[in-house]
Amino acid sequence: MKGALITFEGIDACGKSTQASLLVRALEARGVPVVHTREPGGTELGREIRRLVLYSQRAEIPAVAEALLMAADRADHVERVVLPALRRGQVVVSERFADSTEAYQGYGGQVPLEVIRCLNAIATRGLEPTVTFLLDLDPEEAARRRGGPADRLEARDRTYHQRVRQGYLEIQRRSPQRVVLVDASAPAEEVHRAIVRELERREILPGQGGEGP
Ligand code: TMP
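The numbering used here puts the first residue of the sequence shown at 1274, with every later residue one more than the last.
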């Protein structure tokens, strides 16, 4: 089993954390060594950046500054967590990665996409996910699902979240091999089974003994 980077993407409250956790459990159950992580906040520095960007009481952060903070988080995360795990042959499951900056700060915040791509290329050192699951959900439905107070990004208006969703769909259309579109309005167990099937098809997840033909 060689290393692979599996990323989950989508708007807030689309079910990323639930699906990432279910997948990590499925991988572990099949004996695959796995690291579960996320952006922003997969490292110590990242957790500070996460607090700053999501919960800072300061005035609105310009989208380009937000993109730079996310890029700093990503650079640290790739260097300290993702690359070392891949080198050890582990599977990395990350809640969010470079596509988030393109969708949120690029399409949502309207920072030019070439600027975002340049930041992502520096932060990732050219590393691309092996496969990305885009959990697509209507922002209205996501807002209904969300419990508790909204953070700074969740509190942005409906048109921002619509742009983020459309941005994600555009990313998927551009990279249909890497990015798998998943209907996140289905029940969590159903979504999970679809993800497992796709990973088995790609031979990233070994089949469960005795189940297959
Ligand atoms: P979450 O990980 O709990 O979904 O929250 C992270 C928030 O940060 C979410 O609103 C999306 C946002 N975000 C960006 O805006 N750009 C990024 O590059 C990343 C990784 C996250």
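From the three backbone atoms N, C-alpha and C, an ideal C-beta is built for every residue, glycine too. Small disclaimer: the values here were computed from a predicted structure and weren't measured.
Considering only the alpha carbon of each residue, which of the options lies closest to residue i?
i       : options                            : result
Leu1296 : Glu1476, Arg1474, Gly1480, Arg1466 : Arg1466
Glu1282 : Pro1479, Gly1480, Gln1439          : Gln1439
Gly1315 : Ile1444, Gln1330, Phe1370, Gly1480 : Phe1370
Gln1445 : Gly1480, Ala1461, Ser1373, Leu1400 : Ser1373
Ser1458 : Ile1279, Lys1275, Gly1276, Ala1286 : Ala1286
Arg1320 : Arg1298, Leu1300, His1350, Ala1299 : His1350
Pro1248 : Leu1407, Tyr1328, His1309, Lys1289 : Here the chain covers residues 1274 to 1486 and nothing more, so residue 1248 does not appear.
Val1469 : Gly1276, Glu1375, Ala1394, Gln1292 : Gln1292
Glu1317 : Gly1379, Leu1472, Glu1375, Glu1352 : Glu1352
Ile1334 : Ser1294, Arg1418, Lys1275, Gln1378 : Gln1378
Val1437 : Gly1420, Glu1375, Glu1401, Pro1479 : Glu1375
Ile1284 : Ala1415, His1309, Val1464, Val1452 : Ala1415
Leu1400 : Val1326, Arg1451, Arg1475          : Arg1451
Met1343 : Ile1389, Ala1461, Pro1460, Phe1406 : Ile1389
On the criterion of 16 or more Cβ atoms from any shown chain inside 10 Å, does residue i qualify as buried, or is it exposed?
i       : result
Arg1324 : exposed
Pro1486 : Note that Pro1486 scores 41 on pLDDT, short of 50, meaning its location in the model is unreliable and no value can be drawn from it.
Asp1430 : exposed
Arg1311 : buried
Ser1290 : exposed
Pro1306 : exposed
Thr1432 : exposed
Ala1395 : Checking the sequence shown, residue 1395 turns out to be Ile, not Ala. When all chains shown are included, Ile1395 counts as exposed.
Gly1420 : exposed
Look at the Cβ atom of residue i, then the Cβ atom of residue j, and state whether they are nearer than 8 angstroms.
i       : j       : result
Asp1456 : Asp1409 : yes
Val1365 : Ile1477 : no
Leu1278 : Val1355 : yes
Leu1392 : Ala1336 : no
Val1453 : Leu1386 : no
Can you find a heavy atom of the ligand NAD that lies under 7 angstroms from the Cβ of residue i?
i       : result
Gln1378 : The model depicted lacks the ligand NAD and carries the ligand TMP instead.
Hey, residue i and residue j are a contact pair by Cβ (cut 8 angstroms); roughly how many whole angstroms apart?
i       : j       : result
Arg1303 : Gln1435 : Arg1303 to Gln1435, Cβ: 38 angstroms. No contact.
Val1363 : Gly1288 : For clarity, residue 1363 is Gln in the given sequence; the question names Val instead. About 24 angstroms; that fails the 8 angstroms criterion.
**Report entry** Ranges of the beta strand (DSSP E) found wholly within the region 1447 to 1484, counting only runs of at least 3
**Finding:** 1452 to 1456
Query raised in the report: Of all the alpha helix (DSSP H) runs that stay within the bounds of the region 1323 to 1396, which reach a length of 4 or more residues?
Result: Those alpha helix (DSSP H) runs which fall completely within the region 1323 to 1396 and span 4+ residues are 1336 to 1350, 1356 to 1360, 1371 to 1374.
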